[in-house]
Each structure stands twice: as structure tokens, then as C-alpha cells.
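So, in C-alpha cells, the structure goes:
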């Protein structure tokens, strides 16, 4: 991997701080991006993934960090926005010594920020990884219950997405009833598989897609769902397209080929160009549920339990409220003739403005 181009990325970013390290033993680039601490310490998960270039990894980290600022602000959580990425040549096996050492060295980076940034689980990281981080730097959400943490946040993320989908369907079709509505879940990992289970219980007509053929086959057979090949997801006819895997799948090239009435899923960074693609969806008549709003259930779980001392009832109340928040965003977008993303961003920045000057993108 080569590291050229970092200067332009960092210079053009509106965040507060970027910490970068090349980890020679693993051949990995490690990035921590702190976008805003206006509402409190920055928080955001650590993503472990193979990227084409370090430039791509840093860009992903910056964008995810910026969206975390919007997520916590829209959700009313007393935290700022951050994110971290470990860009590895190959993801080490869970539980391996190699993985432990990578997480320990990453933990030293997190610890050096002395609480400015709190990490948590994200793509390819788990509560076991958070246990390792906690031993090195006690600024970590999502530890195992045995280590005093709140455990896996994926079920609550999926539950929040379900409430967001119901609100989206109500706006698009006049009723939140999912019975008979075709929902295509792309990515049946930790969150996507649970979302598929919840949709099946709601009697949705379920379609599933994943690059892991064994996993998607098991889910499809167990839930009586149809399967869509990964290459056929864009263009598959459905009522709701629910991206729950990698980001950037909704963009200038794919939007004209979408055959859905709404996009509402758990994946981060769904839009290739945040402002422009949200407007393209609006003009195409496709209702978009901003990802940083609909997938906030995991943040309510982690921050609510581990920082705010919420009870299960309080966590459930905030997760259920994701549907109400989505409805307000849809109403504001219609009233002002703007995209749903811009409506959500304005709500976030209204709240940031009460704490000081909001960051500009």
C-alpha cells in the first residue's frame, strides 16, 4: 500500500483531528478521525477491512466520522463524532494471536488520545476485540458483559432499522404494515440477518443477498426468503431496498437502475455523494431514510447502557423513537422541498448550534 495523497484529504476535511499510523508487523494502516467534540467526546466504531489504497481507507474513515457527528446530534446523544479504520492486507481470524496483537497496537493509538475518542465495534470487529482494546485503553464501548460492557449491539441496531423501515413504508405507501411488502436485505451479517428475521415476523415478502453463499442460503431457507445474486441487487424489483453491508452502493451510476420505492437500511455511507445522491433519489421519486438516523439503535444501546445508565425500557423507548424521528425528517423534507438527507442534517446542525458553532461540511 502507498500513502500518497493524505495531505489533500486532511487539508480539505472539516474535522478536528486525524491520527495515522503504519503498523509494520501487520502491514496495516491505522486511522482515527475525530470530526467533532462539540457535544462531547467523539465516538464511533473501529472498522477492520481491506482497502484498495490507504487513501481510500482514510477517506472512508473521514466520511464515517462526519456522519457520526450527525448521528449523535440527530439522536440527541451527548457525544461527538469519530471513527477509526484498520486497513489490513487480510483480516486476521477472530481469536487469533495476530488479531489480538493488531488490536493491542491499535489500542495504544486510542489511548494516546486520552478520552477524546471512544471506539466501539463496527465492520469485522466484535465485543471480543473491544475487550482487548479495553485492556490497553479504557475508552471503548461494546465490551462483553463479562467485562462490564453491554455486549452485542447488532440486535438493537436491527430493531431500530425495522422501526425506520415501518416509518418509511408508511410515508411511501400510506401504512406501516409490512405484510406483503417486498424488502430486499443486502448483506446478512450481524445486523442484516437479524433485520431479515424481524421482517419475516412482520410477514414481509423477503429477499436476501450476500457474497457469502453459504450464509445467505441458510438465511433464505430458514426464513422462506428469495435469494438475489449480489450482482443483481441493483435493479432487483422491490418495495424497499435495505443496504446492510458495504457503503457507497447508492450513487450516480446505480440510482437510475434502482427499481424500488424506498432505500432504508443499516449500512453506513450508503450514498456515494451525500448531498448530490440524496437529491438524485428525491428527483427519482425514491424515498431515502438517512443511514445515520435509521441505524442509530446500536448507539442508543452502547452509549445508553454504558455511559448514561439507561434501563432496558429507556433503550427500547429511544429505539422505537427512530421511527418518529424518520417521520419528522420526511415531513420537514416535504415542507421545505429538500432531500431527506438535507432535512436530517439541518436537524442535527440545529442541535449542534445550541452547543456552539456547528461544523460545516
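Numbering (the numbering used here), first residue to last: 293 to 653.
Each residue gets a CB set at the ideal place from its N, CA and C atoms; glycine is no exception.
Since this is a predicted model, take the numbers as computed values, not measurements.
Taking Cβ positions, are residue i and residue j nearer each other than 8 Å?
i           : j           : result
residue 559 : residue 481 : no
residue 409 : residue 346 : no
residue 635 : residue 625 : yes
residue 619 : residue 556 : no
residue 402 : residue 438 : no
residue 399 : residue 419 : no
residue 561 : residue 356 : yes
residue 349 : residue 323 : yes
Please report the residue range of the alpha helix (DSSP H) in which residue i lies.
i           : result
residue 426 : 419-428
residue 474 : Looking at the DSSP string, residue 474 is not in any alpha helix (DSSP H); the run it does join, the beta strand (DSSP E), is 474-478.
residue 465 : 446-465
residue 483 : 482-493
residue 575 : 566-575
residue 591 : 589-598
Determine the closest residue to residue i out of the options, with distance taken between C-alpha atoms.
i           : options               : result
residue 595 : 303, 586, 448 and 490 : 448
residue 376 : 548, 345, 340 and 392 : 340
residue 338 : 499, 476, 417 and 503 : 417
residue 503 : 487, 489, 490 and 525 : 525
residue 456 : 385, 517, 606 and 583 : 583
residue 468 : 494, 450, 365 and 487 : 494
residue 630 : 592, 574, 597 and 646 : 574
residue 486 : 474, 515, 547 and 465 : 515
residue 335 : 316, 546, 589 and 363 : 363
Does DSSP put residue i in a helix, a strand or coil?
i           : result
residue 618 : helix
residue 378 : strand
residue 368 : coil
residue 313 : strand
residue 438 : helix
residue 518 : strand
residue 433 : coil
residue 651 : For residue 651, the predicted model reports a pLDDT of 49, less than 50, meaning its position is unreliable; a value from the coordinates is still stated below. Looking at residue 651 - three-state DSSP - the assignment turns out to be coil, as it is neither helix nor strand.
residue 470 : coil
Tell me, please, which residues DSSP counts as bridged to residue i.
i           : result
residue 533 : 476 and 555
residue 328 : 373
residue 334 : 372 and 409
Under DSSP, the beta strand (DSSP E) around residue i begins and ends at which residues?
i           : result
residue 340 : 338-341
residue 500 : 497-501
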